[in-house]
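Just so it is clear: in the sequence shown, position 373 is 373 by full-length UniProt numbering, and no numbers are missing. Yeah, the Cβ is synthetic: ideal placement off N, Cα and C, and Gly gets one too. The model shown is predicted, which means the values in this text are computed figures rather than measured ones.
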Amino acid sequence: MAIPKQNSQVVIAGGGIAGITLALMCEKLGINYILLEARDSLNSDRGAGIGLQPNGLRILDQLGLVDEIEETTVPITKCFSYDGDCNLKSISHALGRFRERIGYPFTFIERQQLLSIMTSRLQRMDCIRTSARVVSIQETEKNVVVTITSGEAYTGDIVIGADGVRSAVRRHIDVSLSNKPSDEYINVGFSTVYGMSSPTHGISPGERFAVYRKSETVVGFTGKGGVIFWFVFENLNHYVPLSQAKRYTKADAEDLCKKVFKVQCTPGLAFETIYKNRIVAMRTPVEEGIPSSWNTNRSVIVGDAACKTTPAGGQGANQAMESCAVLINKLMEVYSSQDGISHDSFKVALASYAQERERPAAMTMERSQMICNSLFCLQDPAVLKDILNLSEDEFLLRAFMGLSTAPFLNDIELTARGQFYSTAVEAVKQEMKKRLNGKA
1 MAIPKQNSQV
11 VIAGGGIAGI
21 TLALMCEKLG
31 INYILLEARD
41 SLNSDRGAGI
51 GLQPNGLRIL
61 DQLGLVDEIE
71 ETTVPITKCF
81 SYDGDCNLKS
91 ISHALGRFRE
101 RIGYPFTFIE
111 RQQLLSIMTS
121 RLQRMDCIRT
131 SARVVSIQET
141 EKNVVVTITS
151 GEAYTGDIVI
161 GADGVRSAVR
171 RHIDVSLSNK
181 PSDEYINVGF
191 STVYGMSSPT
201 HGISPGERFA
211 VYRKSETVVG
221 FTGKGGVIFW
231 FVFENLNHYV
241 PLSQAKRYTK
251 ADAEDLCKKV
261 FKVQCTPGLA
271 FETIYKNRIV
281 AMRTPVEEGI
291 PSSWNTNRSV
301 IVGDAACKTT
311 PAGGQGANQA
321 MESCAVLINK
331 LMEVYSSQDG
341 ISHDSFKVAL
351 ASYAQERERP
361 AAMTMERSQM
371 ICNSLFCLQD
381 PAVLKDILNL
391 SEDEFLLRAF
401 MGLSTAPFLN
411 DIELTARGQF
421 YSTAVEAVKQ
431 EMKKRLNGKA
């Protein structure tokens, strides 16, 4: 094994949204880190859109990013829902009330743009290594040694796997604990074409559309200037393990999109027009799954490595940020302990993190699957009708209850908006408590 090149408190594997979030948190809180990214840069491919919701934005606000994010985005304020026969089922303005009611909006941003904003705030670029794919991990009683493709090795107190659905860190955890391989808990039952289109007549900035349709369906969001982020989903009607997921071509992407050309997205706008104005369109398998174990004594996973859901739920990046916050909170407890760091300190901290995130991950997966099933009309018709017929106040109450237990960084002061969020969700909890007690 190579002689370790650098000693850090934390080794981060992966330079995507979760990895850069961790790096920013470490810098804010004085945790020494090294970040290893397999690709040759931190830049992302164009076209993939990311939904940012209040739970994620509150954490990004603690990191000083929200003002810049809001300069490049617009809140989603109007939602159109159609059935498979192009009938308009509902128009809702509920999402447009998020900022007023909870302090932060629901917004959509290109992944590349978000990463650019995040990486521009990194102060320690000397802690970033690109073309650094993790090939082996060795844990000892005193540290963990992470070796990359070049043969260089890095030591740390722990290694955090923010390295996606095909995580090398998760694979190490599975092997170390004799767990089932990823093929037995991560599978593919859908494919999606994610795309981005230039501004198109018939849909305005801040609008969302969703089509409830069997076999293939469409969801989209418009950002600042009218750029459209969209997803065409296909139900494969069977599941395949992760290792057998198909690699799609541009022709495959176009074939799927053609199936929904006539689908109505907003009054007077069919998907074909949006597709013709595409800037990019890529087809990819949609993986889903949660591993049984998230940690060993010195290895742990976050983000898609720990909980991979369909993009239909719009919580993937936000849940990754939540997990990063909880994990960093646990590490800060270790590093700030007046009793010093014991042999089991990191083992206990990582186990506590995994236990705390187990239920939110399961709930996120359940919600994502419910939304996907609704889009494909696989739900009981009564359930779908209930979803579409919710009053805006009832929708907001349910949405805010879902956000009421979201974590944040304990050692960074909340902004005024972050404090407003906390006050708002506390009021929602009291309202729900009254209902449960029959006093509403």
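**OP:** Measure how close the beta-carbons of phenylalanine 190 and glutamate 254 come, nearest whole angstrom, since I'm counting them as under 8 Å.
**Re:** Not a contact, Cβ separation roughly 18 Å.
Original post:
In terms of DSSP beta bridges, what is glutamine 138 paired with?
Top reply: Val145
Subject >> Residues near asparagine 143 in its chain [Cβ-Cβ closer than 6 Å; skip 5 each side] >> reply: Thr155
Original post:
Would alanine 362 be called buried (16 or more neighbouring beta carbons within 10 Å of its own) or exposed?
Top reply: exposed
Subject >> Same chain only: Cβ atoms within 7 Å of threonine 296, ignoring 5 sequence neighbours per side >> reply: Glu139, Ile173, Ser176, Leu177
Subject >> Straight-line Cα distance separating alanine 13 from lysine 180 >> reply: 22 Å
**OP:** Return yes when the Cβ of methionine 321 is within less than 9 Å of the Cβ of isoleucine 128, no when it is not.
**Re:** no
Original post:
What residue range is occupied by the uninterrupted beta strand (DSSP E) comprising isoleucine 186?
Top reply: 186-197
Original post:
Among Gly164, Glu100, Leu65, Glu366, which residue has its Cα nearest to the Cα of glutamate 37?
Top reply: Gly164
Original post:
With which residues is arginine 283 paired in a DSSP beta bridge?
Top reply: Val193
Subject >> N-terminal and C-terminal residue of the beta strand (DSSP E) that tyrosine 104 is part of >> reply: Here tyrosine 104 belongs to no beta strand (DSSP E), and DSSP marks it neither H nor E.
Original post:
CB asparagine 318 to CB leucine 24, shorter than 9 Å?
Top reply: no
Original post:
Can you name, in chain order, every residue of its own chain whose Cβ lies under 6 Å from the Cβ of glycine 161, other than the five neighbours on each side?
Top reply: Ala13, Ser167, Val169, Arg170, Ile301, Ala305
Subject >> Among Ser299, Ala251, Leu269, the one whose alpha carbon lies nearest that of glutamate 141 >> reply: Ser299
**OP:** Mind checking who asparagine 295 pairs with in its DSSP beta bridge?
**Re:** Val300
Original post:
Where does the unbroken alpha helix (DSSP H) through arginine 208 begin, and where does it stop?
Top reply: Taken as a continuous stretch (DSSP letters only), arginine 208 belongs to no alpha helix (DSSP H), being part of the beta strand (DSSP E) at 207-212.
Original post:
If you draw a straight line from the C-alpha of alanine 440 to the C-alpha of tyrosine 239, how long is it?
Top reply: Unreliable positioning characterises alanine 440 in this predicted model, as indicated by a pLDDT of 49, which lies under 50. The coordinate reading is nonetheless provided below. The alpha-carbon atoms of alanine 440 and tyrosine 239 are separated by roughly 44 Å.
**OP:** Answer yes or no: do methionine 332 and isoleucine 137 have a C-beta to C-beta separation smaller than 9 Å?
**Re:** no
Original post:
Using the rule of at least 16 other Cβ atoms within 10 Å of the residue's Cβ for burial, across every protein chain shown, is lysine 330 buried or exposed?
Top reply: buried
Original post:
Are glycine 226 and cysteine 265 touching if we call contact CB-CB under 9 Å?
Top reply: no
Original post:
Would you call arginine 124 buried or exposed, if buried means 16 or more other Cβ atoms sit within 10 Å of its Cβ?
Top reply: exposed
**OP:** Give a yes or no on whether the C-beta atoms belonging to isoleucine 109 and threonine 73 are separated by under 9 Å.
**Re:** yes
Subject >> Limits of the alpha helix (DSSP H) - the one that threonine 273 falls within >> reply: 271-276
Subject >> Between the CA atoms of proline 241 and glutamate 184 - distance to the nearest angstrom >> reply: 7 Å
Subject >> tyrosine 33 versus cysteine 26 - alpha carbon distance >> reply: 7 Å
**OP:** Could you tell me which of Lys433, Ser197, Thr273 sits nearest to serine 404, measuring between CA atoms?
**Re:** Lys433
Subject >> Close beta carbons around isoleucine 117, own chain, < 7 Å, minus the five adjacent residues each side >> reply: Leu65, Glu68, Ile69
**OP:** Take tyrosine 353 as the anchor and find which of Glu394, Met370, Lys347, Leu327 has the nearest alpha-carbon.
**Re:** Leu327
Original post:
Given that a residue counts as buried once 16 or more other Cβ atoms are within 10 Å of its Cβ, and exposed if not, what is asparagine 55?
Top reply: buried
Original post:
Between valine 428 and the rest of its own chain, which residues show a CB-CB distance below 7 Å, the 5 nearest in sequence each way excluded?
Top reply: Leu397, Phe400, Met401, Ser404
Original post:
By the 10 Å Cβ neighbour count, where 16 or more other Cβ atoms means buried, how is cysteine 86 classified, buried or exposed?
Top reply: exposed
Original post:
Taking C-alpha atoms, which residue in Val232, Ile50, Ile148 lies nearest to valine 260?
Top reply: Val232
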